């Protein structure tokens, strides 16, 4: 884990703005797309370290996020375009992609818009375009995620972990690891939250109808969710599994939106095996 917490923040000039990113590990490139408000310092370093055992992990902050300059795109497609530009800048011809929460929406658009540079995709605790069955983030989640600026451990528990002592312990353990990053990152500002919220809502109800569009994804996709996720329910994970032809599904019990931070070795190992499988 020391390699992760001590890793240098680098900057790439994309569209005349500076995109903050880290590269950890060796192997095939694995690009991580973050959650609503999340910065490169909000990934649990234990999870990143597990992924980096056999992958070259790239974490980045999109425009307007964390230490990246510029203004956040107000569309999921715009966020995907910046990621494509970063991948080209870094010289990668083919990548695997992993998206958590809002980042999972960006990954879906990314795979559809840039299919030639993607080998496999992983969708973590995320949702899909609007349908009569889609379940949207709960008010309990939104009351913290969109209104609380300085989140305390109990807020992290509410949005990412289960509502019991085990969940509070998991929140505290993950936050303790996250606090060890040496390079500091500016928290994402409210104006960026607003743009990200607009992008997410527009993705759900876009005339492009992503609910139907993702049926055309031919890439191997691993879909993972949790039974107690109040942001994107396990039902959404199952709907994604139904819609994406070449997909696999795993649902965790006794876990919530941050299940990969609660179970970094378990889920990280599962991702490793999925990406390595021919």
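Residue numbers (our numbering): 63 to 340.
We put the beta carbon where it would ideally sit given N, CA and C, even for glycine.
Keep in mind that this is a model prediction, so the values were computed, not measured.
Top-ranked residue by Cα proximity to residue i, from the options
| i | options | result |
| --- | --- | --- |
| residue 232 | 131, 320 and 282 | 320 |
| residue 132 | 287, 116, 169 and 79 | 79 |
| residue 195 | 274, 63 and 241 | 274 |
| residue 72 | 158, 235, 242 and 246 | 246 |
| residue 294 | 316, 280, 155 and 203 | 203 |
| residue 300 | 278, 212, 244 and 186 | 186 |
| residue 152 | 74, 248 and 183 | 74 |
| residue 212 | 183, 100 and 337 | 100 |
| residue 238 | 105, 200, 298 and 169 | 105 |
8 angstroms contact criterion, which residue i and residue j should meet: CB distance rounded
| i | j | result |
| --- | --- | --- |
| residue 171 | residue 139 | 5 angstroms |
| residue 333 | residue 308 | Wrong, their Cβ atoms sit about 16 angstroms apart, outside the cutoff. |
| residue 144 | residue 175 | Going by Cβ atoms, the distance from residue 144 to residue 175 rounds to 12 angstroms, so no, they are not a contact pair. |
| residue 82 | residue 67 | So it is not a contact: roughly 16 angstroms between Cβ atoms. |
| residue 242 | residue 135 | Going by Cβ atoms, the distance from residue 242 to residue 135 rounds to 31 angstroms, so no, they are not a contact pair. |
| residue 98 | residue 258 | 5 angstroms |
| residue 261 | residue 137 | 5 angstroms |
Residue j beta carbon less than 8 angstroms from that of residue i
| i | j | result |
| --- | --- | --- |
| residue 166 | residue 268 | no |
| residue 91 | residue 120 | yes |
| residue 76 | residue 147 | yes |
| residue 290 | residue 208 | no |
| residue 314 | residue 285 | no |
| residue 331 | residue 112 | yes |
| residue 116 | residue 318 | no |
| residue 279 | residue 157 | no |
CA-to-CA distance, residue j to residue i, given in whole angstroms
| i | j | result |
| --- | --- | --- |
| residue 164 | residue 96 | 7 angstroms |
| residue 210 | residue 128 | 17 angstroms |
| residue 114 | residue 325 | 16 angstroms |
| residue 126 | residue 250 | 8 angstroms |
| residue 215 | residue 221 | 10 angstroms |
| residue 87 | residue 329 | 18 angstroms |
| residue 142 | residue 277 | 19 angstroms |
| residue 160 | residue 311 | 14 angstroms |
**Report entry** 4 or more residues per run - each alpha helix (DSSP H) lying fully within the stretch 130–216
**Finding:** 138–152, 164–175 and 201–207
**Report entry** Minimum length 4: unbroken alpha helix (DSSP H) runs contained in the stretch 77–108
**Finding:** none
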